[in-house]
Every structure is written in C-alpha cells, then in structure tokens.
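Numbering (our numbering), first residue to last: 62 to 337. All residues carry an ideal CB built from backbone N, CA and C; glycine is no exception.
#1: With DSSP as the reference, label residue 311 as helix, strand or coil.
#2: Check residue 272 in the structure and name its three-state DSSP category.
#3: Excluding the 5 residues preceding and the 5 following residue 333 in the sequence, name in chain order all residues of the same chain whose CB lies nearer than 7 Å to its CB.
#4: Nearest by alpha-carbon distance to residue 159: which of 120, 139, 236 and 173 is it?
#5: Return helix, strand or coil for residue 176, following the three-state DSSP convention.
#6: I need the straight-line Cα distance from residue 273 to residue 200, nearest angstrom please.
#7: What residue range does the alpha helix (DSSP H) around residue 150 cover?
#8: Measuring CB to CB, does residue 241 end up less than 8 Å from residue 267?
#9: Check the C-beta distance from residue 104 over to residue 89 and give it rounded, since I have them as a contact under 8 Å.
#10: Near residue 331, which residues of its chain fall below 7 Å by C-beta distance, leaving aside the five closest residues on each side in sequence?
#11: DSSP three-state label for residue 280, please.
#12: What ranges does the alpha helix (DSSP H) occupy inside the segment 207–239, keeping only unbroken runs of at least 4 residues that lie completely in it?
#13: If you draw a straight line from the C-alpha of residue 244 to the C-alpha of residue 205, how long is it?
#14: Pull up the CB-CB distance for residue 162 and residue 192, whole angstroms please, since I reckon it's below 8 Å.
#15: From the DSSP output, in three-state form, read off residue 158 for me.
#16: State the start and end residues of the unbroken alpha helix (DSSP H) segment that holds residue 101.
#17: Whole angstroms are fine: how far does the CA of residue 254 sit from the CA of residue 224?
#18: Which first and last residues belong to the alpha helix (DSSP H) in which residue 95 is found?
#19: Take residue 258 and list the residues in its own chain whose beta-carbon comes closer than 6 Å to its own, dropping the five residues that flank it on each side.
#20: Please report the residue range of the alpha helix (DSSP H) in which residue 260 lies.
#21: Please report the residue range of the alpha helix (DSSP H) in which residue 289 lies.
#22: Can you name the start and end residues of the alpha helix (DSSP H) that residue 69 belongs to?
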C-alpha cells in the first residue's frame with residue numbers, strides 16, 4: 062500500500078525537488094522492508110540524485126544513512142561505511158548534533174560488523190556524546206545505541222551489561238513500534254542470544270523464538286534478517302543439546318540463503334554480526 066502511494070505521488074509530478082528526494086528515500090525503505098533489494102537500491106540512488114542539487118543537507122544525509130543501512134543488511138560493509146561517512150560529514154557541516162549522533166551510531170555498527178572494534182568504539186562514544194548535546198532525539202536513537210553497547214559488552218565478556226543493554230533496547234522499541242515490528246523482533250533475538258551466555262538457555266530460546274515468530278510475520282522467508290536470526294537460534298539450540306532441531310533449522314536457513322543469493326543478491330553475505 063505504501064509503495065503504491067509513493068509511486069503514485071512520484072508519477073503525479075506534483076512534488077518539489079525536496080519532496081521527490083524524500084519520496085524516493087521512503088520508497089527505498091519500503092522496498093527494503095519487503096526484501097526487494099534491487100528495487101530498494103534503485104530508489105535510494107534516485108533519492109541521492111534528487112538531493113545532491115539541494116541545500117537541505119540533513120535530509121540528504123539521512124538518505125545516505127538509509128542507503129548505507131541497506132548495504133549493511135546485504136553484507137556490503139565497505140560501501141556502507143563510505144555512505145555513512147559522507148552522511149556524517151554533511152551533519153557535521155551544519156552542526157546537527159542529533160544527526161551526527163545517528164550517523165556515528167550507524168557507522169559504529171558497520172565497523173563492528175567488520176571487526177574494526179577500536180574504530181567502532183570511537184564512533185559509538187562520539188554518538189553518545191553528541192546525543193547529549195542534541196536538542197532532541199527519539200527512542201529509536203537510544204535503542205540503537207543501547208543495542209550497540211550490548212554488542213560491545215558481549216564481546217568484552219561483560220554478560221550482565223550486555224543483557225541489560227539489549228533489554229533496554231527491546232523496551233524502547235516495544236514502546237515506540239509495538240510488539241509486532243521487525244525492529245522489536247530482532248531485539249528479542251539479540252536479547253535471547255546475549256542471555257544464552259548466562260546459561261539461561263530455556264529463557265534464551267523462548268525470547269529468540271518470540272523474535273523469530275515476529276520476523277517470520279513481517280519479513281519474507283529469504284530476508285537476511287530472518288535467516289541470520291535462524292542461524293543464531295540454531296547455535297543456541299546446539300548449546301542446549303537440541304542438535305537435531307538445530308541441524309534442521311540451520312539447513313533450512315542455509316538453503317533459503319543460497320536461493321536468495323542466486324536470485325536477488327549475488328554479492329551479499331549473511332551474518333548475525335551485521336545486526337546489532
């Protein structure tokens with residue numbers, strides 16, 4: 062429905078250049094949610110092209126960030142980082158502290174996915190500092206930062222801090238998006254995965270299974286987010302001694318991934334590390 066409305070708006074030629082850029086950006090996000098990554102990439106390219114000649118720097122930077130997140134989703138991290146660095150420079154130029162915080166957090170996530178921990182941590186710390194100077198921010202910004210802090214704590218072996226930060230991220234996303242949201246579903250998966258390190262495997266699997274169910278209802282069955290969740294779930298099943306179920310879940314996810322990669326996204330890679 063959203064895609065049809067946006068296409069109708071663009072076809073009407075009633076939008077000014079800034080409106081065209083925004084419409085293409087929203088269309089890119091809508092296609093991304095449906096797993097139509099080629100169409101999403103095309104829409105983001107059109108958005109960037111529309112914004113390049115305009116003085117509205119913050120909207121241009123936001124479109125670059127959105128495009129960068131698509132590349133994170135498809136595992137093309139070098140392209141993602143380049144997009145996000147461009148967005149960050151634009152936000153810096155207009156002293157948009159909330160924008161700098163958002164771009165820095167996205168950049169931190171992309172760098173963490175490449176195992177560039179020092180650079181990622183530097184950007185995460187900057188995001189936290191910039192958010193304190195921002196006149197306004199939203200719960201999504203806070204949820205992203207909490208999730209990144211959870212990932213970093215997990216890597217550093219601080220399991221209680223990891224679980225606490227992932228729980229905070231989930232609470233914020235449930236409050237902002239409701240229970241049946243892709244964001245909320247993924248937050249359940251991350252929380253359950255972190256909780257598995259405490260040894261509470263039954264509770265961990267329950268949380269992850271809840272997240273999987275939400276993702277299965279909001280994404281197509283070949284979406285990298287759903288498949289990454291399935292692979293993470295299989296690893297915890299293994300730890301819980303449920304090896305037959307783990308093998309079945311893993312085999313199905315890997316088969317779906319091969320189909321997706323061969324038909325839609327030849328250069329994509331999959332890893333739960335891409336989503337924090």
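In this structure, then:
#1: helix
#2: helix
#3: Confidence at residue 333 is low in this model, with a pLDDT of 45, below 50, so the placement of that residue should be treated as unreliable; the coordinate-derived value is given next. The answer, listed in chain order, is 289, 292 and 293.
#4: 120
#5: coil
#6: 23 Å
#7: 138–154
#8: no
#9: 4 Å
#10: Confidence at residue 331 is low in this model, with a pLDDT of 47, below 50, so the placement of that residue should be treated as unreliable; the coordinate-derived value is given next. So the list reads 136, 285, 288, 289 and 318, once near-sequence residues are dropped.
#11: coil
#12: 220–238
#13: 10 Å
#14: 4 Å
#15: helix
#16: 98–112
#17: 9 Å
#18: Per DSSP, residue 95 belongs to no alpha helix (DSSP H) and is neither H nor E.
#19: 220
#20: No alpha helix (DSSP H) contains residue 260, which DSSP labels as neither H nor E.
#21: 285–300
#22: 63–73
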